[in-house]
Amino acid sequence: MKAHIFPGQGAQFVGMGLDLYENHSLAQELFEQANDILGFSITDIMFEGTADDLKQTKVTQPAIFLHSVILSKVLGDAFKPEMVAGHSLGEFSALVANGTLNFEDGLKLVSQRALAMQNACELKPSTMAAVLSLADEVVEEICDSIDGIVVPANYNCPGQLVISGDVEAVNEACEKMKEAGARRALLLPVGGAFHSPLMEPAREELAAAIDATNFNEPNCPIYQNVPTTAVTSASEIKNNLMLQLTAPVKWTQSIQQMIKDGGNTFVEVGPGKVLQGLVKKIDSGVETSSAVL
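First residue of the sequence shown: -4, per the numbering used here; consecutive thereafter.
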(Lines of atoms letter the chains of each structure in order from A and count residues from 1; the text may use other names and numbers.)
(Lines give C-alpha, C1' and ligand atoms only; values in the text may rest on other atoms or scores of the structure.)
Protein backbone atom coordinates (compact mmCIF):
# COMPACT_ATOMS: atom_id res chain seq x y z
CA MET A 1 0.00 0.00 0.00
CA LYS A 2 1.07 3.55 -0.71
CA ALA A 3 1.19 5.94 2.25
CA HIS A 4 1.32 9.71 1.81
CA ILE A 5 3.04 11.66 4.59
CA PHE A 6 3.04 15.41 5.22
CA PRO A 7 5.83 17.46 6.85
CA GLY A 8 5.57 19.87 9.77
CA GLN A 9 7.29 23.03 10.92
CA GLY A 10 10.96 23.29 9.97
CA ALA A 11 10.55 22.08 6.37
CA GLN A 12 10.10 25.60 4.96
CA PHE A 13 12.50 27.27 2.51
CA VAL A 14 12.56 30.58 0.64
CA GLY A 15 10.96 30.20 -2.78
CA MET A 16 8.73 27.31 -1.74
CA GLY A 17 5.68 26.90 -3.96
CA LEU A 18 6.83 29.36 -6.65
CA ASP A 19 7.18 26.66 -9.30
CA LEU A 20 3.61 25.50 -8.59
CA TYR A 21 2.30 29.08 -8.81
CA GLU A 22 4.07 29.82 -12.09
CA ASN A 23 3.22 26.57 -13.87
CA HIS A 24 -0.29 25.59 -12.77
CA SER A 25 -3.45 27.69 -12.93
CA LEU A 26 -5.11 25.70 -10.13
CA ALA A 27 -2.15 26.39 -7.84
CA GLN A 28 -2.27 30.10 -8.68
CA GLU A 29 -5.98 30.20 -7.90
CA LEU A 30 -5.51 28.44 -4.54
CA PHE A 31 -2.55 30.61 -3.51
CA GLU A 32 -4.54 33.77 -4.27
CA GLN A 33 -7.48 32.37 -2.32
CA ALA A 34 -5.08 31.76 0.59
CA ASN A 35 -3.92 35.39 0.51
CA ASP A 36 -7.56 36.48 0.82
CA ILE A 37 -8.32 34.05 3.66
CA LEU A 38 -5.22 35.00 5.66
CA GLY A 39 -5.56 38.75 5.09
CA PHE A 40 -1.95 39.19 3.98
CA SER A 41 0.14 38.15 0.99
CA ILE A 42 1.72 34.93 2.17
CA THR A 43 2.83 34.29 -1.41
CA ASP A 44 5.13 37.35 -1.31
CA ILE A 45 6.83 35.95 1.81
CA MET A 46 7.01 32.38 0.49
CA PHE A 47 8.34 33.34 -2.93
CA GLU A 48 10.49 36.41 -2.21
CA GLY A 49 10.80 36.87 1.57
CA THR A 50 13.84 36.23 3.75
CA ALA A 51 14.42 33.12 5.84
CA ASP A 52 13.64 35.22 8.93
CA ASP A 53 10.33 36.37 7.43
CA LEU A 54 9.41 32.78 6.70
CA LYS A 55 10.40 31.66 10.21
CA GLN A 56 7.55 33.57 11.89
CA THR A 57 5.11 30.98 13.22
CA LYS A 58 2.10 32.78 11.73
CA VAL A 59 3.78 32.44 8.31
CA THR A 60 5.63 29.12 8.61
CA GLN A 61 2.68 26.92 9.45
CA PRO A 62 0.30 28.16 6.72
CA ALA A 63 3.19 28.17 4.21
CA ILE A 64 4.03 24.52 4.74
CA PHE A 65 0.35 23.58 4.74
CA LEU A 66 -0.17 25.43 1.45
CA HIS A 67 2.83 23.87 -0.25
CA SER A 68 1.72 20.35 0.71
CA VAL A 69 -2.00 20.72 0.00
CA ILE A 70 -1.66 22.62 -3.27
CA LEU A 71 0.90 20.10 -4.54
CA SER A 72 -1.52 17.27 -3.75
CA LYS A 73 -4.35 19.06 -5.58
CA VAL A 74 -2.23 19.83 -8.65
CA LEU A 75 -1.31 16.14 -8.84
CA GLY A 76 -5.00 15.53 -9.60
CA ASP A 77 -5.93 11.94 -10.46
CA ALA A 78 -2.35 10.81 -9.82
CA PHE A 79 -2.91 11.51 -6.12
CA LYS A 80 -4.83 8.58 -4.65
CA PRO A 81 -3.83 8.08 -1.02
CA GLU A 82 -4.61 4.74 0.64
CA MET A 83 -3.36 5.88 4.05
CA VAL A 84 -2.06 9.25 5.29
CA ALA A 85 -0.19 10.75 8.24
CA GLY A 86 1.26 14.14 9.06
CA HIS A 87 3.97 15.21 11.48
CA SER A 88 2.38 17.70 13.93
CA LEU A 89 1.27 20.58 11.64
CA GLY A 90 1.36 18.10 8.75
CA GLU A 91 -1.67 16.35 10.18
CA PHE A 92 -3.83 19.24 8.94
CA SER A 93 -2.43 18.81 5.41
CA ALA A 94 -3.16 15.08 5.63
CA LEU A 95 -6.76 15.80 6.65
CA VAL A 96 -7.32 17.92 3.54
CA ALA A 97 -5.63 15.25 1.43
CA ASN A 98 -8.03 12.53 2.62
CA GLY A 99 -11.13 14.73 2.34
CA THR A 100 -11.82 15.21 6.06
CA LEU A 101 -11.32 18.99 5.80
CA ASN A 102 -11.83 21.29 2.84
CA PHE A 103 -9.05 23.65 1.73
CA GLU A 104 -10.50 26.80 3.26
CA ASP A 105 -11.33 25.29 6.65
CA GLY A 106 -7.95 23.57 6.83
CA LEU A 107 -6.10 26.83 6.16
CA LYS A 108 -8.19 28.76 8.69
CA LEU A 109 -7.48 26.16 11.39
CA VAL A 110 -3.75 26.16 10.62
CA SER A 111 -3.65 29.96 10.83
CA GLN A 112 -5.55 29.92 14.15
CA ARG A 113 -3.23 27.18 15.42
CA ALA A 114 -0.14 29.22 14.58
CA LEU A 115 -1.43 32.35 16.31
CA ALA A 116 -2.62 30.42 19.38
CA MET A 117 0.77 28.71 19.71
CA GLN A 118 2.58 32.04 19.37
CA ASN A 119 0.41 33.53 22.12
CA ALA A 120 1.06 30.54 24.40
CA CYS A 121 4.82 30.87 23.83
CA GLU A 122 4.74 34.43 25.11
CA LEU A 123 3.15 33.48 28.46
CA LYS A 124 6.22 31.69 29.87
CA PRO A 125 9.84 31.19 28.75
CA SER A 126 9.98 27.69 27.32
CA THR A 127 11.95 25.66 24.81
CA MET A 128 12.65 22.28 23.21
CA ALA A 129 15.75 20.10 22.87
CA ALA A 130 16.80 17.22 20.63
CA VAL A 131 18.11 14.08 22.33
CA LEU A 132 20.12 11.61 20.24
CA SER A 133 21.11 8.00 20.86
CA LEU A 134 19.19 7.39 24.06
CA ALA A 135 16.41 4.83 24.54
CA ASP A 136 12.88 6.22 24.71
CA GLU A 137 12.28 4.81 28.19
CA VAL A 138 15.44 6.45 29.55
CA VAL A 139 14.34 9.83 28.17
CA GLU A 140 10.90 9.31 29.71
CA GLU A 141 12.36 8.35 33.11
CA ILE A 142 14.65 11.39 33.20
CA CYS A 143 11.80 13.74 32.29
CA ASP A 144 9.68 12.20 35.07
CA SER A 145 12.50 12.74 37.59
CA ILE A 146 12.65 16.52 37.14
CA ASP A 147 10.53 18.90 39.21
CA GLY A 148 9.72 21.42 36.45
CA ILE A 149 7.69 20.82 33.28
CA VAL A 150 9.63 18.73 30.76
CA VAL A 151 8.14 15.95 28.63
CA PRO A 152 8.92 13.91 25.51
CA ALA A 153 7.38 15.90 22.65
CA ASN A 154 8.41 14.19 19.39
CA TYR A 155 9.20 10.50 18.97
CA ASN A 156 10.81 11.07 15.56
CA CYS A 157 12.62 7.76 15.06
CA PRO A 158 14.50 5.28 17.25
CA GLY A 159 17.28 7.18 19.00
CA GLN A 160 15.91 10.61 18.12
CA LEU A 161 13.51 12.27 20.54
CA VAL A 162 12.65 15.89 21.20
CA ILE A 163 11.80 17.05 24.72
CA SER A 164 9.77 20.13 25.56
CA GLY A 165 9.09 22.27 28.63
CA ASP A 166 10.15 25.26 30.68
CA VAL A 167 13.70 26.47 30.06
CA GLU A 168 15.19 25.47 33.42
CA ALA A 169 13.68 21.98 33.38
CA VAL A 170 14.77 21.31 29.78
CA ASN A 171 18.34 22.42 30.56
CA GLU A 172 18.44 20.16 33.63
CA ALA A 173 17.06 17.26 31.59
CA CYS A 174 19.70 17.79 28.90
CA GLU A 175 22.49 17.50 31.46
CA LYS A 176 21.00 14.30 32.86
CA MET A 177 20.51 12.88 29.36
CA LYS A 178 24.19 13.43 28.56
CA GLU A 179 25.20 11.81 31.85
CA ALA A 180 22.99 8.84 30.93
CA GLY A 181 24.85 8.39 27.62
CA ALA A 182 23.05 10.54 25.08
CA ARG A 183 25.30 11.38 22.13
CA ARG A 184 23.77 14.85 22.04
CA ALA A 185 21.17 16.80 23.99
CA LEU A 186 20.95 20.27 22.53
CA LEU A 187 18.48 23.13 22.66
CA LEU A 188 16.55 23.85 19.46
CA PRO A 189 16.03 27.36 18.04
CA VAL A 190 12.30 27.44 18.76
CA GLY A 191 10.16 29.99 20.55
CA GLY A 192 8.26 27.69 22.88
CA ALA A 193 7.45 24.29 24.32
CA PHE A 194 5.32 22.71 21.62
CA HIS A 195 3.52 19.44 22.43
CA SER A 196 3.79 19.99 26.18
CA PRO A 197 1.39 21.04 28.97
CA LEU A 198 2.59 24.62 28.41
CA MET A 199 0.54 24.64 25.19
CA GLU A 200 -2.72 24.23 27.14
CA PRO A 201 -3.92 27.83 26.45
CA ALA A 202 -3.35 27.22 22.72
CA ARG A 203 -5.07 23.83 22.90
CA GLU A 204 -8.19 25.37 24.45
CA GLU A 205 -8.30 28.11 21.81
CA LEU A 206 -7.77 25.71 18.92
CA ALA A 207 -10.21 23.13 20.33
CA ALA A 208 -13.01 25.69 20.14
CA ALA A 209 -12.15 26.42 16.49
CA ILE A 210 -11.96 22.70 15.64
CA ASP A 211 -15.30 22.08 17.35
CA ALA A 212 -16.93 24.78 15.20
CA THR A 213 -15.52 23.32 11.95
CA ASN A 214 -17.22 20.72 9.76
CA PHE A 215 -15.30 17.44 9.49
CA ASN A 216 -16.26 14.99 6.72
CA GLU A 217 -15.84 11.22 6.84
CA PRO A 218 -12.35 10.56 5.38
CA ASN A 219 -11.84 8.72 2.11
CA CYS A 220 -8.87 6.77 3.58
CA PRO A 221 -7.49 6.17 7.09
CA ILE A 222 -5.32 8.74 8.85
CA TYR A 223 -2.74 7.68 11.41
CA GLN A 224 -2.93 10.58 13.84
CA ASN A 225 -0.13 11.73 16.15
CA VAL A 226 -2.11 10.98 19.30
CA PRO A 227 -3.55 7.44 18.91
CA THR A 228 -0.99 6.31 16.23
CA THR A 229 -3.54 3.84 14.82
CA ALA A 230 -5.79 4.05 11.75
CA VAL A 231 -8.70 6.44 12.30
CA THR A 232 -11.66 6.56 9.90
CA SER A 233 -14.32 8.36 11.95
CA ALA A 234 -14.73 12.12 11.53
CA SER A 235 -15.73 12.56 15.19
CA GLU A 236 -12.70 10.58 16.41
CA ILE A 237 -10.41 12.57 14.13
CA LYS A 238 -11.80 15.80 15.52
CA ASN A 239 -11.30 14.70 19.14
CA ASN A 240 -7.74 13.49 18.50
CA LEU A 241 -6.87 16.75 16.76
CA MET A 242 -8.00 18.69 19.83
CA LEU A 243 -5.45 16.78 21.95
CA GLN A 244 -2.54 17.24 19.56
CA LEU A 245 -0.96 20.47 20.87
CA THR A 246 -0.33 19.19 24.38
CA ALA A 247 0.35 15.53 23.48
CA PRO A 248 3.56 14.07 22.02
CA VAL A 249 3.97 13.46 18.29
CA LYS A 250 4.33 9.68 18.16
CA TRP A 251 5.77 9.53 14.67
CA THR A 252 7.84 6.37 15.19
CA GLN A 253 4.82 4.49 16.49
CA SER A 254 2.55 5.81 13.70
CA ILE A 255 4.92 4.72 10.93
CA GLN A 256 5.43 1.32 12.55
CA GLN A 257 1.66 0.84 12.64
CA MET A 258 1.27 1.93 9.01
CA ILE A 259 3.88 -0.63 7.96
CA LYS A 260 2.15 -3.29 10.06
CA ASP A 261 -1.12 -2.41 8.29
CA GLY A 262 0.42 -2.87 4.83
CA GLY A 263 2.20 0.41 4.05
CA ASN A 264 5.35 -0.33 2.05
CA THR A 265 5.82 2.86 0.00
CA PHE A 266 5.94 6.27 1.69
CA VAL A 267 5.55 9.40 -0.44
CA GLU A 268 6.35 12.75 1.20
CA VAL A 269 4.04 15.53 -0.01
CA GLY A 270 5.41 19.02 0.58
CA PRO A 271 8.72 20.78 1.15
CA GLY A 272 11.87 18.88 2.04
CA LYS A 273 12.75 15.24 2.66
CA VAL A 274 12.93 15.15 6.46
CA LEU A 275 10.14 12.61 6.88
CA GLN A 276 11.65 10.24 4.31
CA GLY A 277 14.84 10.17 6.37
CA LEU A 278 12.90 9.42 9.56
CA VAL A 279 10.88 6.65 7.88
CA LYS A 280 14.10 5.00 6.64
CA LYS A 281 15.50 5.08 10.19
CA ILE A 282 12.32 3.48 11.48
CA ASP A 283 12.36 0.73 8.82
CA SER A 284 15.07 0.68 6.15
CA GLY A 285 13.14 -1.89 4.13
CA VAL A 286 10.37 0.42 2.90
CA GLU A 287 10.49 2.61 -0.19
CA THR A 288 10.43 6.40 0.18
CA SER A 289 10.10 9.23 -2.34
CA SER A 290 8.91 12.79 -2.81
CA ALA A 291 5.65 13.61 -4.59
CA VAL A 292 6.53 15.04 -8.00
CA LEU A 293 4.46 16.40 -10.87
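For every residue, glycine included, the Cβ atom is placed at its ideal position computed from N, Cα and C.
Given the structure is predicted, the values throughout are model-derived calculations rather than measurements.
When the beta-carbon positions are compared, Leu102 and Lys53 stay at least 8 Å from each other. Below 8 Å, enough C-beta pairs join the stretch 128 to 143 and the stretch 163 to 170 to call them touching: three or more. Rounded to whole angstroms, the separation of the alpha carbons of Gly280 and Leu288 is 25 Å. Counting only runs that start and end inside the stretch 41 to 119, the beta strand (DSSP E) elements of at least 3 residues fall at 78 to 81. Of the residues Thr38, Pro147 and Glu77, the one whose Cα lies closest to the Cα of Thr247 is Pro147. With fewer than 16 other beta carbons inside 10 angstroms of its own, Asp39 counts as exposed. C-alpha of Asn18 to C-alpha of Asp131: approximately 45 Å in a straight line. Met(-4) is classed as exposed because its beta carbon has fewer than 16 other beta carbons within 10 Å across all chains shown.
Counting every other CB atom within 10 Å of its CB across the protein chains shown gives Lys255 a total below 16, marking it as exposed. Around the C-beta of Phe189, 16 or more other C-beta atoms lie within 10 Å, and the residue is accordingly described as buried. Inter-segment contact for the stretch 251 to 268 and the stretch 41 to 52 is absent: fewer than three beta-carbon pairs are separated by less than 8 Å. Taking the C-beta atoms as reference points, Gly267 is found nearer than 8 Å to Pro2. With three or more CB-CB distances shorter than 8 Å, the stretch 205 to 218 counts as touching the stretch 231 to 239.
Counting C-beta pairs closer than 8 Å gives three or more between the stretch 178 to 192 and the stretch 113 to 133, which meets the contact rule. Taken through DSSP and simplified to helix, strand or coil, Phe1 comes out as strand. The C-alpha of Phe35 is placed about 32 Å away from the C-alpha of Tyr218. Relative to the Cα of Gly187, the nearest Cα in the group Asn149, Glu170, Ala229 and Pro120 belongs to Pro120. Closest option to Leu21, judged by alpha-carbon separation, among Leu66, Phe210, Leu238 and Glu199: Leu66. Rounded to whole angstroms, Ala202 and Thr241 show a C-alpha spacing of 11 Å.
For the set Leu33, Val9, Gln23 and Pro76, the Cα lying nearest the Cα of Glu43 is the one of Val9. Boundaries of the beta strand (DSSP E) harbouring Met123: Ser121 to Leu127, taken from the DSSP string. Under the DSSP assignment, Glu27 falls in the alpha helix (DSSP H) whose first and last residues are Ser20 to Leu33.
Ranking Tyr150, Leu118 and Met112 by CA distance to the CA of Leu129 puts Tyr150 first.
Bounds of any beta strand (DSSP E) do not take in Asn259, whose DSSP letter is neither H nor E. In the three-state reduction of the DSSP assignment, Gln155 falls in the strand class.
Only exposed fits Gly257, as fewer than 16 other CB atoms lie within 10 angstroms of its CB.
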